[in-house]
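Below is one structure, written out as structure tokens; comments come after it.
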Amino acid sequence: MREAAGFTLIELMIVIVIIGVISTVALLSTRGPDPGRVLAREADRLVLCIDQAIEVAVAGPRHLGLRVDPTHYGFRIYRAGKWEKLSHPPCRDRAWPPGLRWRTEVEGRRLPTAGGDAQTPQIYLLGSGEVSPFRIELEQSGVRWIVTGTGWGEVRRQLASP
Numbered sequence: 001m002r003e004a005a006g007f008t009l010i011e012l013m014i015v016i017v018i019i020g021v022i023s024t025v026a027l028l029s030t031r032g033p034d035p036g037r038v039l040a041r042e043a044d045r046l047v048l049c050i051d052q053a054i055e056v057a058v059a060g061p062r063h064l065g066l067r068v069d070p071t072h073y074g075f076r077i078y079r080a081g082k083w084e085k086l087s088h089p090p091c092r093d094r095a096w097p098p099g100l101r102w103r104t105e106v107e108g109r110r111l112p113t114a115g116g117d118a119q120t121p122q123i124y125l126l127g128s129g130e131v132s133p134f135r136i137e138l139e140q141s142g143v144r145w146i147v148t149g150t151g152w153g154e155v156r157r158q159l160a161s162p
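As structure tokens, this is what we get:
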């Protein structure tokens with residue numbers, strides 16, 4: 001009798017599963033992070049940083065401010081008649097993710113995206129708990145989040161409708 005030549009069904013199935021796993025790993029590793037998820041995390045981080053800065057301002061009590069620039073945002077503290085960078089860990093300067101576009105309005109007035117003194121904040125966080133009413137729109141890859149703040153320190157984020 002001759003032995004049968006070829007592969008068994010189980011061997012073929014194992015090879016197909018291995019090819020499927022390798023293909024899935026390759027596909028997931030070539031896809032970058034989801035821009036919507038990255039932007040949502042950035043909006044969350046901004047809200048948390050502003051909330052923490054408000055707490056620092058009220059606990060002081062001291063005057064803080066938020067400065068938004070094309071490449072980053074950061075908090076400032078008013079000391080000895082001038083604004084200085086705040087080095088408190090949750091309030092230190094943070095870079096925007098690559099490709100992010102933003103627009104800021106304070107008290108209903110749109111602010112330019114560049115220019116001005118790099119230390120002077122655009123949004124004020126006072127020791128009394130008062131905050132300049134603001135709206136910051138963050139946009140990346142067609143996804144847009146809006147971070148808003150009321151005059152009494154309530155800060156929210158919401159996904160903008162397309």
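For the sequence shown, our numbering assigns the number 1 to the initial residue and increments by one for each residue that follows. Cβ coordinates follow ideal geometry from the N, Cα and C atoms, glycine included. The structure displayed is predicted, hence computed values, not measured ones.
L125 counts as buried, since no fewer than 16 other beta carbons sit within 10 angstroms of its beta carbon.
Assignment of L100 by DSSP, reduced to helix, strand and coil, places it in the coil class.
Contact between E137 and I146 is confirmed by a C-beta separation of about 5 Å, below the 8 Å threshold. For Q122 against T104, the beta-carbon gap comes to about 6 Å, under 8 Å, which counts as contact. For L100 and Y78, the gap between their C-alpha atoms comes out near 29 Å. Burial state of A26 is exposed, judged by a 10 Å Cβ sphere holding fewer than 16 other Cβ atoms. Shortest Cα-Cα distance from V106 to any of V38, G65 and D117 involves G65.
In this structure, R45 is the residue among T71, V143, R45 and P112 with its C-alpha nearest to the C-alpha of P89. Assignment of G65 by DSSP, reduced to helix, strand and coil, places it in the strand class.
A53 has its alpha-carbon roughly 11 Å from the corresponding atom of G60.
Taken through DSSP and simplified to helix, strand or coil, Q52 comes out as helix. The beta carbons of P97 and L159 sit no closer together than 9 Å.
Secondary structure note for G149: its beta strand (DSSP E) is the uninterrupted segment V143 to G149. The beta carbon of A43 sits closer than 7 Å to the beta carbons of L138, W145, V147 and R157 from its chain, once the five residues preceding and following it are set aside; these are given in chain order.
DSSP, reduced to helix, strand and coil, places E139 within a strand of the structure shown.
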